[in-house]
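Trainee:
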Amino acid sequence: MMTLFGLNLLEKLTDDHRDERGHTSIDQLKDSVARDVESLLNSRCGLPEGLLGGFAHCQQSLLSFGLKDFVSLSLANQGDRALICEDIRSALLVHEPRLQNPVVHVSSNGGPGQRLHFAIQALLIAHETHEVVSFDAVLQPVSQRYQVSRGRNP
Numbered sequence: 241m242m243t244l245f246g247l248n249l250l251e252k253l254t255d256d257h258r259d260e261r262g263h264t265s266i267d268q269l270k271d272s273v274a275r276d277v278e279s280l281l282n283s284r285c286g287l288p289e290g291l292l293g294g295f296a297h298c299q300q301s302l303l304s305f306g307l308k309d310f311v312s313l314s315l316a317n318q319g320d321r322a323l324i325c326e327d328i329r330s331a332l333l334v335h336e337p338r339l340q341n342p343v344v345h346v347s348s349n350g351g352p353g354q355r356l357h358f359a360i361q362a363l364l365i366a367h368e369t370h371e372v373v374s375f376d377a378v379l380q381p382v383s384q385r386y387q388v389s390r391g392r393n394p
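Oh and the sequence shown: position 123 is 363 in the numbering used here, straight run, nothing missing.
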């Protein structure tokens with residue numbers, strides 16, 4: 241018997257990915273998570289780091305949604321890449337509750353000025369399902385935009 245999962249609010253409103261009862265399969269759920277991760281990575285948090293330090297609930301609100309702006313960082317620098325990986329990981333921990341224990345690393349580098357590939361692995365938690373999933377994220381350096389797709393099974 242196939243397990244069905246509830247949809248997120250946006251998918252309920254757009255009516256694109258559900259059956260007649262408003263449910264989705266595990267593969268559709270993974271695609272949904274990939275789309276939501278892409279939206280998260282393509283959003284920028286405009287607040288200075290540390291501004292919300294004394295406000296625990298604000299740190300987990302829309303005020304902190306998105307990544308820091310990395311325009312001043314060098315994608316060729318290992319330290320800067322590590323900062324980007326950590327920011328992606330932190331954003332996932334705070335804003336994507338379906339993914340637990342995310343691990344993010346640079347999976348390949350096309351060279352200076354070319355796309356940077358990230359691998360994201362995490363435990364997908366949905367109802368009674370606990371499954372290790374992976375996503376591939378590609379950063380376009382000129383536009384600072386990410387494309388996220390489901391990765392190969394870990």
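Here a beta-carbon is modelled for each residue, glycine too, at the ideal position from N, C-alpha and C. All figures in this text were calculated on a predicted structure; none of them were measured in a lab.
Evaluate residue 272 with the Cβ neighbour count: other Cβ atoms within 10 Å of its Cβ, from every protein chain shown; 16 or more gives buried, anything less gives exposed.
Mentor: buried
Trainee: Three or more beta-carbon pairs under 8 Å between the region 324-341 and the region 361-376, yes or no?
Mentor: yes
Trainee: For the putative contact between residue 281 and residue 386, defined by C-beta atoms under 8 Å, what is the C-beta separation to the nearest angstrom?
Mentor: Right, their Cβ atoms sit about 4 Å apart.
Trainee: Taking just the CA atoms, how far does residue 283 sit from residue 311?
Mentor: 14 Å
Trainee: When the Cα atoms are used, what is the spatial distance from residue 318 to residue 345?
Mentor: 11 Å
Trainee: Give a yes or no on whether the C-beta atoms belonging to residue 327 and residue 307 are separated by under 8 Å.
Mentor: yes
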